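> First, the structure itself, so that you have it in front of you.
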Amino acid sequence: MPALKLHDTLTRTDRETTPLDGKTLRFYCCGPTVYGPAHIGNFRTFVAQDVMRRVVEASGTPTLHVRNITDVDDKTIRDSQKAGQSLLDFTQGWTQKFHIDCAALNLLPPHIEPSAVAHIPQQVAMIEKLVAGGHAYAAADGSVYFRVSSFKDYGKLSHLEDRELRLGASEAASATDRDEYTKDSLTDFALWKARKPEDGENFWPSPWGEGRPGWHLECSAMILEYLGEDFDLHSGGVDLIFPHHENEIAQSCCSTHGHFAHHWMHVAHLMVDGGKMSKSIGNLYTLEDLAKRGYSAVEVRYVLISGHYSATLNFTMHSLDSARQALQKLAKADKALERGPPSPQHSADSDNSATGQKEGAGLRSPAAGSEARAPGPFAEAWETLLHDLNVPGAMGAIFGVLNKLKLAALSPEEATAARNGLHFMLNALGLTLPAIADEAATDVPADIQALAQQRWDAKQAKDWAAADILRKQLEASGWLIKDSKEGFTVIAK
RNA sequence: GGCGAGGUAGCAAAGUGGUAAUGCACUGGUCUGCAAAACCGGUAUGCGCGGGUUCAAUUCCCGCCCUCGCCUCCA
Numbered sequence: 369m370p371a372l373k374l375h376d377t378l379t380r381t382d383r384e385t386t387p388l389d390g391k392t393l394r395f396y397c398c399g400p401t402v403y404g405p406a407h408i409g410n411f412r413t414f415v416a417q418d419v420m421r422r423v424v425e426a427s428g429t430p431t432l433h434v435r436n437i438t439d440v441d442d443k444t445i446r447d448s449q450k451a452g453q454s455l456l457d458f459t460q461g462w463t464q465k466f467h468i469d470c471a472a473l474n475l476l477p478p479h480i481e482p483s484a485v486a487h488i489p490q491q492v493a494m495i496e497k498l499v500a501g502g503h504a505y506a507a508a509d510g511s512v513y514f515r516v517s518s519f520k521d522y523g524k525l526s527h528l529e530d531r532e533l534r535l536g537a538s539e540a541a542s543a544t545d546r547d548e549y550t551k552d553s554l555t556d557f558a559l560w561k562a563r564k565p566e567d568g569e570n571f572w573p574s575p576w577g578e579g580r581p582g583w584h585l586e587c588s589a590m591i592l593e594y595l596g597e598d599f600d601l602h603s604g605g606v607d608l609i610f611p612h613h614e615n616e617i618a619q620s621c622c623s624t625h626g627h628f629a630h631h632w633m634h635v636a637h638l639m640v641d642g643g644k645m646s647k648s649i650g651n652l653y654t655l656e657d658l659a660k661r662g663y664s665a666v667e668v669r670y671v672l673i674s675g676h677y678s679a680t681l682n683f684t685m686h687s688l689d690s691a692r693q694a695l696q697k698l699a700k701a702d703k704a705l706e707r708g709p710p711s712p713q714h715s716a717d718s719d720n721s722a723t724g725q726k727e728g729a730g731l732r733s734p735a736a737g738s739e740a741r742a743p744g745p746f747a748e749a750w751e752t753l754l755h756d757l758n759v760p761g762a763m764g765a766i767f768g769v770l771n772k773l774k775l776a777a778l779s780p781e782e783a784t785a786a787r788n789g790l791h792f793m794l795n796a797l798g799l800t801l802p803a804i805a806d807e808a809a810t811d812v813p814a815d816i817q818a819l820a821q822q823r824w825d826a827k828q829a830k831d832w833a834a835a836d837i838l839r840k841q842l843e844a845s846g847w848l849i850k851d852s853k854e855g856f857t858v859i860a861k
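Here the working numbering is used: the first residue of the first sequence is 369, the next is one more, and so on.
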């Protein structure tokens, strides 16, 4: 199968994601800072990366996925103190919550998930190399800074010129920063931060005195540990391009002989109701917030992938409703493609999957079948996906095929092929299908059930007027009646 | 000011040098006592504005307007 073509931030071109070692695509994603629940904006990035990984794997290339946990910085220290917990207890709690959310969103867990605190020695070692090489220097207070002027390629990723780095919005604000007085240059950044009273118990020894590592350093050190000096791809939110990724490149390239990441994937931001979403503004939603409003994680995932990852996406409640309907449509199509065993030798498999679905209580797992290895009739959707992860385009192609195929008229063999293809695509997108609304067993109160029965009786007696009055009564109470030839169903409005 | 993303139907969102996918919503029909579901249709002479290139531009070029993001620690 052809490889995924992905836009590369550094060269600004679409390039194939071919593994450097010819076998496994090794990539790193900047993970969360665990000082609170991640919001859907954070998850947009992780979901996009998850789709990337799934597509690469679906195309036949294994991956090595590394994503860090940032468990030491100003915010984790500050908030752990507020919570009266040790830094470790505090960050582990939020890490756990993060994992729960990731699982709900159907994110494949990274193969390696290193924490910054667990890699202090590696970070110190990298700083030592940088100091020895003349790329870093210790300040009077025991902090260590990277000398940006020592790395000629600085700014290459973000395309910022030297001059521009010194200008900018933060110029005025940083004048009051105490770092200001210890750094040689305004653009130099901290590799090691000297211990401060407010750090409490959170400090580590180093050749330059007690302190803690700077944020940018952890990624460089852990990448070196798990992916080496050269690796395939690095990914994160667009906001990390500068300075975070720029600094990572500087640190890594100046302390090793490698070229660091060979491909950069950046995910655009999520907006909410047309505006920026951020922790500082406070207009953010977590999965829990949305669950309280009745939306499932799968619906959230659908919304998060409904725009191309490189363009900002506006999130609204309406988009969640829209996602719910679209998922229903897919679930119904899937059901329509469900047929009996196509041939005797497959009957065992079919039985298993049927049982699994019942026990799954609502969630079907596409691609559980071993046949779902090719897109089948959805080849166009698959090709669209391979072109820089065009998920919206692929979704459109999937629906287009479903609209054209006369699902009910397909032969069992055709239906199975179509279903396998659909599952292949859904698996690449990481979408699980919800239970079909009608099937969702809701508890109907006895009085409602009685009214509904009354209406059914009236209907059987062809007393349309009475039946309609009862229906309206039920609707007013929030219940809808659906009739079939055999009987009726009551569902919540 | 610099860098970047984007302006496509009511909402969302793809896409292409040859005349606009798809999802939601809306809507007509079939079916149904009526609905719902299902199925079959419809809904942008138009793709921010103004020029230009071309047989042909929403798609290429130039100018302009607007929105959003980043510019030292926010995915």
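Note that the Cβ used here is the ideal one computed from N, Cα and C, for glycine as well. All values reported here derive from a predicted model rather than from experimental measurement.
When DSSP builds the beta bridges, which residues end up paired with Arg383?
Leu374
> Within 8 Å, do at least three Cβ pairs link the stretch 405-416 to the stretch 612-624?
no
> Would you kindly report the start and end of the unbroken alpha helix (DSSP H) that includes Tyr670?
665-672
> How would you write the range of the alpha helix (DSSP H) that Asp418 sits in, first residue to last?
408-426
> Should His588 and Gln619 be called a contact, given that it needs their Cβ atoms to be closer than 7 Å?
The sequence as given places Ser at residue 588; His does not occur at that position. For Ser588 and Gln619, yes; Cβs fall inside 7 Å.
> Which word fits Gly744, buried or exposed, when buried means at least 16 other C-beta atoms lie within 10 angstroms of its C-beta?
buried
> In the DSSP assignment, find the beta strand (DSSP E) that holds Phe458 and state where it starts and stops.
Counting along the chain, Phe458 falls outside any beta strand (DSSP E), though it belongs to the alpha helix (DSSP H) covering 455-472.
> Once the 5 residues before and after Val423 are set aside, which same chain residues still bring their CB inside 8 Å of it?
Hits under 8 Å: Leu372, Leu753, Leu754, Leu757, Ala796.
> Along the chain, where does the beta strand (DSSP E) containing Tyr594 start, and where does it finish?
That residue, Tyr594, is in no beta strand (DSSP E); its alpha helix (DSSP H) goes 583-594.
> Alpha carbon to alpha carbon, how far is Lys524 from Gly501? Give it in angstroms, no decimals.
21 Å
> Locate the alpha helix (DSSP H) running through Val769, then write down its first and last residues.
759-772
> Which partner residues does Arg394 have in the DSSP bridge list?
For Arg394, which the question treats as bridged, DSSP gives the partners Leu432.
> Can you tell me the Cα-Cα spacing of Val485 and Ser517, whole angstroms?
29 Å
> Asn788 to Tyr594, Cα distance in whole Å?
36 Å
> Can you pull the DSSP bridge partners for Lys850?
Thr857
> Helix, strand or coil for Leu790? Go by DSSP, reduced to three states.
In this structure, Leu790 counts as helix in the three-state DSSP scheme.
> What are the partner residues of Ala558, as DSSP defines its beta bridges?
Tyr513
> According to the Cβ coordinates, are Pro400 and Phe458 closer than 7 Å?
Their beta carbons are not under 7 Å apart, which means Pro400 does not touch Phe458 by this criterion.
> So if DSSP puts Thr401 in a beta bridge, which residue, or which two residues, is it bridged to?
Answer by DSSP bridge pairing, in chain order: Thr438.
> Once the 5 residues before and after Thr413 are set aside, which same chain residues still bring their CB inside 6 Å of it?
Gly605, Val635
> Just checking my contact of Cys622 with His503 at CB under 8 Å: how many whole Å lie between their CB atoms?
4 Å
> If you run the structure through DSSP and keep just helix, strand and coil, what is Phe571?
Looking at Phe571 - three-state DSSP - the assignment turns out to be coil, as it is neither helix nor strand.
> For Leu819, which residues from the same chain have a beta carbon less than 7 Å from its beta carbon, with the 5 sequence-adjacent residues on both sides left out?
Leu838, Gln841, Leu842
> Hey, quick one: how far does the beta strand (DSSP E) through Val635 stretch, first residue to last?
632-635
> With Ile495 and Trp560 assumed to form a contact (beta carbons below 8 Å), what rounded beta-carbon distance in angstroms separates them?
6 Å
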